[in-house]
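S.K.: The structure under discussion is supplied below as structure tokens; questions concerning it will follow.
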Amino acid sequence: MIYDTIIIGAGVVGCAAARFLSAYLADVLVLEREEDVCAGTSKANSAIIHSGYDAPNGSLKARYNVLGNAMTEKLSRELDFPFERRGSLTVCTDPSRVSVLEELRMRGEKNGVPGLRILDRDEALRLEPNLADGVVAALFAPTAGIVCPFKMTIAFAENACENGAEFRLNTRVTGLYREDGLWRVQTDRGEYTSKTVVNAAGVYADVLNNLVSERKLRITPRRGDYILLDRAVGGYVRHTVFPLPTKLGKGVLVTPTVHGNTIVGPTAVDIEDRESTATTADGINTVLERSSLSIKNLPVRSVITSFAGLRAHEDGGDFVIGEPDDAPGFFNCAGIESPGLSAAPAIGEEVARRIAEKLNLKADPDFKPERRDILDPSKLSTEERNILIKKNPAYGAIVCRCEGVTEGEILEAIRRPLGARSLDAVKRRVRAGMGRCQGGFCSPKVMELISRECGIPLDEVTKCGGASRITVGRTKEG
3 MIYDTIIIGA
13 GVVGCAAARF
23 LSAYLADVLV
33 LEREEDVCAG
43 TSKANSAIIH
53 SGYDAPNGSL
63 KARYNVLGNA
73 MTEKLSRELD
83 FPFERRGSLT
93 VCTDPSRVSV
103 LEELRMRGEK
113 NGVPGLRILD
123 RDEALRLEPN
133 LADGVVAALF
143 APTAGIVCPF
153 KMTIAFAENA
163 CENGAEFRLN
173 TRVTGLYRED
183 GLWRVQTDRG
193 EYTSKTVVNA
203 AGVYADVLNN
213 LVSERKLRIT
223 PRRGDYILLD
233 RAVGGYVRHT
243 VFPLPTKLGK
253 GVLVTPTVHG
263 NTIVGPTAVD
273 IEDRESTATT
283 ADGINTVLER
293 SSLSIKNLPV
303 RSVITSFAGL
313 RAHEDGGDFV
323 IGEPDDAPGF
333 FNCAGIESPG
343 LSAAPAIGEE
353 VARRIAEKLN
363 LKADPDFKPE
373 RRDILDPSKL
383 STEERNILIK
393 KNPAYGAIVC
403 RCEGVTEGEI
413 LEAIRRPLGA
423 RSLDAVKRRV
433 RAGMGRCQGG
443 FCSPKVMELI
453 SRECGIPLDE
463 VTKCGGASRI
473 TVGRTKEG
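Mind the numbering: the sequence shown is residues 3 to 480 in the working numbering, read in order.
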């Protein structure tokens, strides 16, 4: 079969491109080396929809950030993922550097960011009472927001799937070349042929680009450590609070999440290993130290977990979008670091539009733009919930006590298009294992449900695919 396009990488940008391409009469294939969508950079970030004041004027980061921010609210309604426009504060602790806030405000206005205002200390404290004592002023950006990156990416993927896009998970791309006007994509599960290719391979996007183009890219993995606080101390901050940015990024932020936690981070450490997402003691200590410059008395005794993510920093410092001159039909989405999550909808829509124009694709009259998330019984009235439980008792069986997740929700997560096949995949969809005990109580039951529903032995259920098995089966001698 010859596909119209093959998308390499099922992170937020790849899945957004798949969703917008599925609005056309096109054969779309998404290849992902991991066992689930949203299993790379897209699962470990700050979960922020940036306003767009930080990126340099005229950059692709600035353009797609502002466009993506404006698209997110409508998409969250269509695709049923959580998004809140909370606003952000960028704080200054040095009176001699208040002028930097003014520079950021002017930059943001040139980028098209509305509503930016500089606040004095008293005004900022009225918005965030727990600001550090050293804060003297802040830049307020009302259009900034918070989102669930898992649910956003999964929503794009499920909607694309429901509209006919194919997904091949556990499929690693090993080679790529052009022959007779078509692209041949080699994988560890065979070769696929396509008229166009979308390179959304995250920290590996430079490797794919450099196979086909003389315009070489170089991506450096930039690791960021985070800590996550328990929902019991939710509300300690109400907005996203940034320090003044540096050349390595926006710095260690403190922000609420859409699920009621507080997230703190990231650090910014350039590394060579494109797979290294282990946290470090130095990284966590840096997060704690630097966050105290913005927010005082952060309740760090309520930390429930730490994690690290990788950002794909390209040497040019900007996104790389579109076709290289010497590789027609090969569409880069490379160097997608912050504000990549914010920009993803706009990048996906733009790449889909360019491919549609190149291939003369027609709009699909049967395209369904809407998708509903997994039913959350906690959002129902008592009467509605009792009716649901009577109809389906699985919604009355609590599996994850920390997050109040029912068996019914977990079963739906497994049974949906692109259904969960691992503990982490279930966690990303319904938050079972995301709470205070981090899966200590609910994991065995979740494993049983995956085993039963997927028809696999219990000892083949994994944490996150590959060799990450939780249990070990008996030997013949045992």
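By construction, the Cβ of each residue, glycine as well, lies at the ideal position given by its N, Cα and C atoms.
Between the beta-carbon of Arg373 and the beta-carbon of Phe22, is there less than 9 Å?
M.R.: No, they are not a contact pair.
S.K.: Please state whether DSSP places Lys249 in a helix, a strand or coil.
M.R.: Note: Lys249 maps to coil in three-state DSSP.
S.K.: Of the choices Arg170, Gly89 and Pro347, whose alpha-carbon is the least far from that of Glu37?
M.R.: When each option's Cα is compared against that of Glu37, the closest is Arg170.
S.K.: Between the alpha carbons of Leu121 and Ala234, how many angstroms are there, rounded?
M.R.: Between Leu121 and Ala234, the C-alpha separation is close to 30 Å.
S.K.: Answer with buried or exposed for Gly204, where buried requires no fewer than 16 other C-beta atoms within 10 angstroms of its C-beta.
M.R.: So Gly204 ends up on the buried side.
S.K.: Apart from the five residues on each side of it in sequence, which residues of its chain come closer than 8 Å, Cβ to Cβ, to Gly311?
M.R.: So the qualifying residues of the chain are Thr43, Lys45, Ala46, Asn47, Arg225, Gly226, Tyr228, Pro268 and Thr279.
S.K.: Using beta-carbon positions only, say whether Val322 and Gly342 come within less than 9 Å of one another.
M.R.: It is not a contact, given that the beta carbons lie outside the stated cut-off.
S.K.: Just the C-alpha distance for Tyr5 and Arg180, rounded to the nearest angstrom, thanks.
M.R.: Spanning the two alpha carbons is a distance of roughly 14 Å.
S.K.: Determine the direct distance from the alpha carbon of Glu450 to that of Asp461, and round the result to whole angstroms.
M.R.: Roughly 10 Å separates the two Cα atoms.
S.K.: Using alpha carbons as the reference points, say which of Asn161, Met154 and Met3 lies closest to Pro371.
M.R.: Among Asn161, Met154 and Met3, the Cα nearest to that of Pro371 belongs to Asn161.
S.K.: Please state whether DSSP places Asn334 in a helix, a strand or coil.
M.R.: Looking at Asn334 - three-state DSSP - the assignment turns out to be strand.
S.K.: Less than 9 Å separating the beta-carbons of Ile9 and Ala202?
M.R.: Cβ distance < 9 Å, so Ile9 and Ala202 count as in contact.
S.K.: Just the Cα atoms here: how many angstroms apart are His482 and Val115?
M.R.: With the chain running from 3 to 480 in the structure shown, residue 482 is simply not present.
S.K.: With DSSP collapsed to three states, give me the class of Leu484.
M.R.: Beyond the ends of the chain as shown, which are 3 and 480, falls residue 484; an answer cannot be given.
S.K.: Name the one or two DSSP bridge partners that Ile412 has.
M.R.: Looking at the DSSP assignment, Ile412 forms no beta bridge with any residue, so it has no partner.
S.K.: Give the DSSP bridge partners of His52, in chain order.
M.R.: His52 is not bridged to any residue.
S.K.: Fully enclosed by the region 64-123, which alpha helix (DSSP H) runs are 4 residues long or longer?
M.R.: As far as the region 64-123 is concerned, its whole alpha helix (DSSP H) runs of at least 4 residues are 100-113.
S.K.: Report the three-state DSSP secondary structure of Ala469 (helix, strand or coil).
M.R.: Ala469 falls in the coil class under three-state DSSP.
S.K.: Are the CB atoms of Lys392 and Leu133 within a distance shorter than 9 Å?
M.R.: Taking 9 Å as the Cβ cut-off, Leu133 and Lys392 do not qualify as a contacting pair.
S.K.: Cβ of Thr173 within 9 Å of Cβ of Glu34?
M.R.: Yes; because the gap between Cβ atoms is below 9 Å, this pair is in contact.
S.K.: Is it the case that the Cβ atoms of Ala12 and Val30 are separated by a distance below 9 Å?
M.R.: No, they are not a contact pair.
S.K.: In the DSSP assignment, the beta strand (DSSP E) including Phe309 goes from what residue to what residue?
M.R.: Where Phe309 is concerned, the enclosing beta strand (DSSP E) stretches over Val305 to Glu316.
S.K.: With distances taken between CB atoms, is the gap from Ala20 to Ala159 smaller than 9 Å?
M.R.: Against a cut-off of 9 Å, the Cβ pair of Ala159 and Ala20 comes out as a contact.
S.K.: Apart from the five residues just before and just after Val305, which ones in its own chain have a Cβ nearer than 8 Å to its Cβ?
M.R.: Ile229, Leu230, Leu231 and Asp232, listed in sequence order.
S.K.: Which partner residues of Arg225 appear in the DSSP bridge assignment?
M.R.: The partner list for Arg225 (beta bridge, DSSP) reads Val271 and Leu312.
S.K.: Helix, strand or coil for Cys444, going by three-state DSSP, please let me know.
M.R.: The answer is coil: DSSP assigns Cys444 none of H, G, I, E or B.
S.K.: Please report the straight-line C-alpha distance between Ala18 and Pro419, rounded to a whole angstrom.
M.R.: Distance between the alpha carbons of Ala18 and Pro419 is about 16 Å.
S.K.: Which residue wins for smallest C-alpha separation from Leu27, given the options Gly467, Lys112 and Asp368?
M.R.: When each option's Cα is compared against that of Leu27, the closest is Asp368.
S.K.: Hey, out of Ser90, Asp135, Pro84 and Leu141, whose CA is closest to Leu106's CA?
M.R.: The option with the nearest alpha carbon to Leu106 is Leu141.
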